[in-house]
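J.: Supplied in structure tokens, the structure appears directly below.
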Amino acid sequence: MDVPLRDVCKYVNEKVNVIGVVVETTFAKKTMGTDYCCALRIIDDTRHDFSMAANVFGKSTENLPLVAALGDIIQLSFVSVTTYRGEANVTFNKNTSTFALYKSKDDDGLNSYQVSRPYFVPKDEDKIIINKLRKWLINFQFSEDSSKFPFFRELKEETFVNLACKILHHSEAAKDEWVIFVWDGTDTQSNAICSNLENELKNPLPLQRDHLSLPRDILCTFPTVGTILRIIFHIGVEKSHFHLLTIGKWVKINNLRLKLYAGLWHGIFTVQTKLQYISNEDQLIAERQRSVASLVDSIWCIILLKLMYVSYEFWSRLADERLSLILGRMPNLSFPEPSPITVVNHRDHVRPVTLMSVLTHSKVTAIFKCVVRVVAAMPCKAENLRSSTGKYRMRLTLEDPTARIHALVIEEDVVTLFDGIPDAEKLERKLNKLLGISEDNSIGGVKDTTRNPPWVCVCLKSYYLSKDDIWGTRNFRVFDTKILEDSS
DNA sequence: TTGGGG
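Residue numbers for the first sequence, in numbering that gives the first Met the number 0: 0 to 487.
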């Protein structure tokens with residue numbers, strides 16, 4: 000019985016044939032039973048406000064429908080109708096049901112690109128339905144409530160979220176351990192930091208592991224504004240549908256687990272995580288692109304640009320909604336307003352850049368002004384400030400919404416930073432200020448401190464250690480930066 | 001059988 004999706008609910012406990020557009024899919028996963036499963040959701044022109052679940056089982060992942068792209072058409076024959084929580088859905092039985100997959104566009108006519116059984120041929124009436132669905136889909140807007148898809152800047156708690164984001168890159172961090180880099184143009188909020196400063200040498204506050212391991216030519220393709228979120232795969236998720244995470248494409252990822260690790264957000268793609276159909280014209284993409292859209296189009300900005308000698312990059316980081324902020328004061332994103340805790344020498348006119356701009360800068364040696372949080376410092380005791388060679392040196396861990404890096408402070412720069420060689424009391428007082436440690440929670444007292452470092456302005460220089468590998472041995476130093484005494 | 005948005 001060929002049934003439009005609207006009428007499937009009339010055939011509970013019966014077998015039906017349906018043809019629908021695949022708007023969601025999980026990756027293949029092992030079931031609690033004997034098989035593998037792919038949970039799809041489908042729509043058609045008779046039912047598109049709320050998709051219908053179609054669960055397909057197979058002996059192996061190869062027996063499951065591997066949709067080439069969301070929005071493709073699936074023909075499901077002899078599937079049983081059941082209800083779950085008041086909703087009808089269809090179940091594909093590996094012994095009796097069949098499926099066939101067709102592209103959403105008619106590039107290859109009515110040839111299916113995957114079938115569950117060989118020699119499967121669609122009937123003429125099936126072909127009519129497929130053609131009708133293809134035509135209907137062209138003008139169909141699969142719209143979604145924006146509030147179900149928060150921006151990165153709205154992420155607050157460890158939970159499951161839906162994200163609409165752009166895939167920037169994939170990387171195999173270790174054998175079969177993939178990291179996906181996604182971005183939506185906004186900055187995640189800064190988080191409290193909890194680490195034992197005295198243990199920073201043995202157990203340092205982690206950087207994003209991949210910043211240094213990614214090839215430089217890849218890193219340089221990354222946007223320099225907006226947080227890049229890392230997504231890892233939970234155990235048990237087959238990589239069957241990896242191709243749906245196409246680099247450069249926007250995707251909707253549903254039910255992604257969100258975790259904080261050492262103050263950094265990352266996503267975990269679980270067996271319940273789904274990829275959802277998104278058209279290039281989707282309003283959610285438009286919203287996100289608007290948030291990073293260049294303001295250069297506006298005459299105002301062209302005038303301002305010329306007047307202020309600021310770069311395209313600077314303006315391109317500003318969302319429309321940030322315009323009012325930038326004109327009044329520094330925006331609270333990418334360039335958070337720094338606290339008056341530090342001063343930088345003679346660089347009032349220099350525009351600050353993000354740490355990702357620093358990492359991807361075209362020259363290996365350069366100087367920068369950045370607005371960052373100092374999330375860790377080593378050593379944190381004055382008596383350890385001198386190295387074995389007698390030099391004063393300190394390693395700071397700096398972060399902004401785009402990256403987290405190490406930067407050294409050496410010799411004369413230590414003197415500048417602390418306004419003289421600091422004794423134990425001065426070092427503790429100034430470091431507490433820089434790291435956002437309250438008096439009663441200070442370094443000398445409680446060892447594991449939860450701290451919320453303030454945004455401060457620093458001068459950074461990049462340099463290299465070996466001429467043979469200038470990029471591989473590139474380091475950063477803080478210089479020309481002074482922690483101010485309390486005005487009180 | 002299994003899973004079905006959480």
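By construction, the Cβ of each residue, glycine as well, lies at the ideal position given by its N, Cα and C atoms.
Would you call the CB atoms of F151 and L257 closer than 8 angstroms?
T.: No, the Cβ-Cβ distance between F151 and L257 is not below 8 angstroms.
J.: Could you give the first and the last residue of the continuous beta strand (DSSP E) run that contains M355?
T.: Here M355 belongs to no beta strand (DSSP E); instead the alpha helix (DSSP H) covers 354–358.
J.: Would DSSP call K460 helix, strand or coil?
T.: Three-state result, K460: strand.
J.: Is it buried or exposed, I234, if we count other Cβ atoms within 10 angstroms and call 16 or more buried?
T.: Classification of I234: exposed, given that the 10 Å Cβ count is below 16.
J.: Tell me whether L426 sits in a helix, a strand or coil according to DSSP, three-state version.
T.: The answer is helix: DSSP assigns L426 an H, G or I state.
J.: Taking the runs of the alpha helix (DSSP H) that are 4 residues or longer, which of them lie wholly in the region 353–426?
T.: You should have 354–358, 411–417.
J.: According to DSSP, which residues form a beta bridge with S79?
T.: Paired residue(s): K14, T90.
J.: With a Cβ-Cβ cutoff of 8 angstroms, do L433 and V477 count as a contact?
T.: No.
J.: Could you tell me the boundaries of the beta strand (DSSP E) in which Q140 lies?
T.: No beta strand (DSSP E) contains Q140, which DSSP labels as neither H nor E.
J.: For a quick check, are the C-beta atoms of T415 and K481 less than 8 angstroms apart?
T.: In contact: T415 and K481 (Cβ atoms closer than 8 angstroms).
J.: Just to confirm, is the Cβ distance from F232 to W177 under 8 angstroms?
T.: Cβ atoms of F232 and W177: closer than 8 angstroms.
J.: Of all the options G184, F221, S170, V343, which has the alpha carbon lying nearest to the alpha carbon of V291?
T.: The option with the nearest alpha carbon to V291 is G184.
J.: Hey, quick one: how far does the alpha helix (DSSP H) through D216 stretch, first residue to last?
T.: That run of the alpha helix (DSSP H) goes 215–218.
J.: With three or more C-beta pairs closer than 8 angstroms as the rule, is the region 86–97 touching the region 122–141?
T.: The region 122–141, when compared against the region 86–97, does not touch it at the 8 angstroms Cβ threshold.
J.: Would H168 be called buried (16 or more neighbouring beta carbons within 10 Å of its own) or exposed?
T.: Classification of H168: buried, given that the 10 Å Cβ count is 16 or more.
J.: Taking T95 as the reference, give the member of T81, S76, Y112 with the closest Cα.
T.: Checked all of T81, S76, Y112; the closest Cα to T95 is S76.
J.: Three-state secondary structure (DSSP) at S239?
T.: Coil, per DSSP.
J.: To the nearest angstrom, how far is it from the Cα of I366 to the Cα of R403?
T.: Answer to the nearest angstrom: the Cα atoms are 17 angstroms apart.
J.: In chain order, what are the residue ranges of uninterrupted alpha helix (DSSP H) at least 4 long that sit wholly in the region 143–229?
T.: If we require 4 residues or more, the alpha helix (DSSP H) runs fully inside the region 143–229 come out as 209–212, 215–218.
J.: How far does the alpha helix (DSSP H) with A511 in it extend, from its first residue to its last?
T.: Any question about residue 511 goes unanswered here, given that the chain covers just 0 to 487.
J.: Within the same chain, show all residues whose beta-carbon is closer than 8 angstroms to that of Q288, passing over the 5 residues directly before and after it, in chain order.
T.: Excluding residues within five positions, the ones whose Cβ falls inside 8 angstroms are G184.
J.: Using only the alpha-carbon positions, how far apart do F417 and G435 sit?
T.: One C-alpha to the other measures close to 16 angstroms.
J.: Exposed or buried, K102, counting other C-beta atoms within 10 Å across all chains shown (16 or more means buried)?
T.: Its Cβ being crowded by 16 or more others within 10 Å, K102 is buried.
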